[in-house]
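Please read the structure below before turning to the comments.
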Amino acid sequence: MSNNTIVENLKKEIENFSLKTKAEKIGHVVEVFDGIAKVSGLSDVKSSEMVTFVGGEVGVVLNLEEDTVGIIILGEFSKIKEGDEVRSTGRILEIPVSNNQIGRVLNALGNPIDGKGEVKSDKNYPMEKVAPGVVTRQGVDQPVSTGIKAIDALIPVGRGQRELIIGDRQTGKTAIAIDAILNQKGQDMICVYVSIGQKDSKLRKIQTRLEEGGAMDYTIIVSAGSSEPAALSYIAPYAGVAIAESFMDQGKDVLIVYDDLSKHAVAYREISLLLRRPPGREAYPGDVFYLHSRLLERACRRNKDYGGGSITALPIIETQAGDLSAYIPTNVISITDGQIFIETDLFYKGVRPAVNVGFSVSRVGGSAQIKAMKKVAGTLKLDLAQFRELEAFAQFGSDLDDATKNQLERGKRAVELLKQPQYAPVLTQHQVVSLYALVKGYMDTVPVDQIKAFETGLIEYAEAHAKTFIKEVVEKKMWSDDGEAQLKKAIEDFKVSFIK
Amino acid sequence: MATLSHNDIAQAIYMASKDKKGHELSDIVHSTVKFLAKKRLISKSESILNKLEKFSNKEDGILIAKIVSVKYLGEDSKKDIASILKQKYNAKKVLFEEVEDKTVLGGVKIEVENEIIDLTIFNKLKKLQEHLTR
């Protein structure tokens, strides 16, 4: 573009510019501390309305008092001083949304932080929104395939479900969520990963991992780092879900991960205490339940009449020393449709993912599971729970009857089969093949330490020799008698060659 | 017991002292001070007085407008502004508080209570900048 055209364009823009003068509502900063500003004036301001400071900083009104309003400042607040003018905008807190955000890393205000330039967007979505009502909803009946055997088989997640991932620090909670995102490739799913109060190094690692796995083609990362003010951590999940809603409104399915809501609650506690709201249990404010319930209610599956689409939420909660009865964990457990409980002991025993099958449940996912998977996984959960009990019992004595011994042997193999390395999602049809071999007893004579090798070999063999079975599972979600016979033969043939 | 806000107290003082003169007024002042001392609010008297001033201005139809401009305005312009403000805010009398500020570059900024009418060159340029960078 030549200089002349630029000048011409500018001239045109300036000519078109018209300024309407109107009386604006203003206030003045009375005090400012720790990311909070108390402002006098602003008489007609609404709760959650955005206000702007002299230097362009944005704030959100949280407290409306008789003489002042309490405002949380979203961003740098060191330049705001007493007496500064504050203007109301008349707009409730909102975030720009667009399909161009896919593949980008954004902050809690929707601005890109990955150094790849501006994100063009034409629409704004409100961060706080009432969740879709009952009339617009539909039951959960489509699966979200996570690629993790233990989850897909035993604690299935459906589209529109809210499944909590809960466990101590460093036990692989994020790993499960990231694996689930990686496995959405080609499954017509948009993913949003909301990182709340995480270290920037961890975020970078996750971003790199997602890029390597090709997952950034359908993923958006929203981040409020630990070095940023608590106000940004507080709004980050709402920003994430607003972005998710913009995709749901296009009829798409969205998977959103909140990593993690314990830090979100802590950020909200910080803000509430600074705003002098009365503290309750564990010093959290009284509305900390509502904080999470209104966020997680926005995950839903909408029926066709209202545009379809769904938001599946995977919130993460970090417990302290496995204490599930602390305030925030119990709150979020009661809000969600089930939880995946990760146990430290199992993790150090080498069972990874360290999912405790006994404590984990999925309240609605069962109806979303495909028929083939339901058939093979039917008794597996009960078997595993019984195995855990027998295992403890069997440590006291060696005289066991054959039935108990068999159950123990089967249980050991099941545990071994459900182990899975990180970033190695398994296709649903392959999961069905290996679980079929397990529950039908074909693995009972395979030594426990060779289960992994047996599984890998069997899947490869079945791909070549049980094509009908695999095709049926992929297309019809269930096998026929012919397909089953073909798989049985394939397993038997493979076993003979494997044991040799 | 519900807590009394400074606003409530200011309002009560205004109502009690309205249209009172001489002996009666000094009695009211005396009992007000006694009340404030009893409620341990003497230290807050400045804030209460501010509220009282605002409240009495409002009741008497007096409007205080802050005017920011590069140079002090002439009497004619002030009269014009006063008549507009009287109409807009339904006031009987307008008092001006003038501020000279070179940074506004030109034009005038009028602040009334919580509202601002910004007609300065600085504000116009800022709005133009926002428009062009969008």
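Protein chains in written order, with the numbering used here: chain A, 1005 to 1504; chain B, 200 to 333. The C-beta atom is built at its ideal place from N, Cα and C for all residues, glycine as well. From a predicted model like this one, the values you see are computed outputs, not experimental measurements.
Asked, Found
"Residues of the segment 1035 to 1056 of chain A whose Cβ lies closer than 7 Å to any Cβ of chain B, in chain order", "G1045, L1046, S1047"
"Assumed close pair A1303 (chain A), G1164 (chain A) - CB separation to whole angstroms, cut-off 8 Å", "7 Å"
"Assigned exposure category for F1400 (chain A) - 16 Cβ within 10 Å defines buried", "exposed"
"Contacts of A1418 (chain A) in chain B (Cβ-Cβ under 7 Å)", "Correct list: empty, because the minimum Cβ distance to chain B is about 60 Å."
"Own chain partners of K243 (chain B) with C-beta closer than 7 Å, once the 5 adjacent residues on each side are dropped", "H205"
"Identity of the residue in A:R1417, A:I1075, A:P1429, A:A1287 nearest Y1446 (chain A) by Cα", "A:R1417"
"Neighbour flag for K323 (chain B) against chain A, beta carbons, 8 Å", "yes"
"Under the three-state DSSP convention, the category A1234 (chain A) falls into", "helix"
"Proximal residues of chain A, C-beta to C-beta of I283 (chain B) below 8 Å", "What I283 (chain B) touches in chain A: nothing, since even the nearest Cβ is about 11 Å away."
"Span of the beta strand (DSSP E) around P1357 (chain A)", "No beta strand (DSSP E) contains P1357 (chain A), which DSSP labels as neither H nor E."
"The segment 1321 to 1334 of chain A contacting the segment 1276 to 1283 of chain A, beta-carbon criterion three pairs below 8 Å", "no"
"Buried versus exposed, by CB contacts within 10 Å (16 or more), R1305 (chain A)", "buried"
"Within chain B, partners of G1121 (chain A) - CB distance below 8 Å", "The premise fails here: G1121 (chain A) is roughly 15 Å from chain B at the closest Cβ pair, so nothing lies under 8 Å."
"Sequence-distant residues of its chain with Cβ nearer than 8 Å to I1030 (chain A) (five each side left out)", "G1045, L1046, E1089, V1090, R1091, S1092"
"S1438 (chain A) in three-state terms, based on DSSP", "helix"
"The segment 1163 to 1182 of chain A in contact with the segment 1329 to 1344 of chain A per 3-pair CB rule at 8 Å", "yes"
"Interface residues of the segment 1021 to 1032 of chain A facing chain B [CB-CB below 7 Å]", "F1021, L1023, T1025, A1027, E1028, K1029, I1030, G1031"
"Rounded straight-line distance, which links the Cα of R1095 (chain A) to that of P1116 (chain A)", "22 Å"
"Segment contact flag, the segment 1196 to 1206 of chain A with the segment 1214 to 1233 of chain A, C-beta cutoff 8 Å, min 3 pairs", "yes"
"Chain-ordered chain B contacts of E980 (chain A) [CB-CB under 8 Å]", "The structure shown does not extend to residue 980 (chain A), since chain A is modelled only from 1005 through 1504, so no value can be given for it."
"Of the listed residues A:A1428, A:V1134, A:K1444, nearest to R1213 (chain A) (C-alpha basis)", "A:A1428"
"H222 (chain B) at chain A interface by Cβ criterion, 8 Å", "no"
"G1151 (chain A) versus A:P1357, A:G1311, A:A1468, residue with shortest Cα-Cα distance", "A:P1357"
"Short CB-CB distance (under 8 Å) between E1459 (chain A) and chain B", "no"
"I1018 (chain A): contacting residues in chain B (beta-carbon distance under 8 Å)", "L327, L331"
"Against chain A: residues of the segment 277 to 301 of chain B by CB proximity under 9 Å", "K287"
"Boundaries (first-last residue) of the beta strand (DSSP E) holding Q1199 (chain A)", "As written in the sequence, residue 1199 (chain A) is Ser, which differs from the Gln given in the question. Run containing S1199 (chain A): 1193 to 1200, per the beta strand (DSSP E) assignment."
"Proximal chain A residues relative to D317 (chain B), where beta-carbon distance stays under 8 Å", "T1025, E1028"
"Helix, strand or coil at K326 (chain B) [DSSP, three-state]", "helix"
"Residue of A:E1061, A:E1347, A:G1313 minimising C-alpha distance to D1172 (chain A)", "A:E1347"
"Interface flag, E245 (chain B) vs chain A, CB-CB below 8 Å", "no"
"Proximity test, Cβ basis, 8 Å: N256 (chain B) and chain A", "no"
"contact_flag[the segment 1306 to 1313 of chain A, the segment 1246 to 1254 of chain A] where n(CB pairs < 8 Å) is 3 or more", "yes"
"Bounding residues of the beta strand (DSSP E) (the contiguous stretch that carries M1482 (chain A))", "Per DSSP, M1482 (chain A) belongs to no beta strand (DSSP E) and is neither H nor E."
"Rounded Cβ spacing between V1362 (chain A) and F1391 (chain A) (contact assumed at less than 8 Å)", "One point to set straight first is that residue 1362 (chain A) is Gly, not Val, in the sequence displayed. Contact flag wrong, Cβ pair sits at about 10 Å."
"Residues near V1450 (chain A) by beta carbon distance below 8 Å, same chain, minus five either side", "R1417, F1458, K1499, F1502, I1503"
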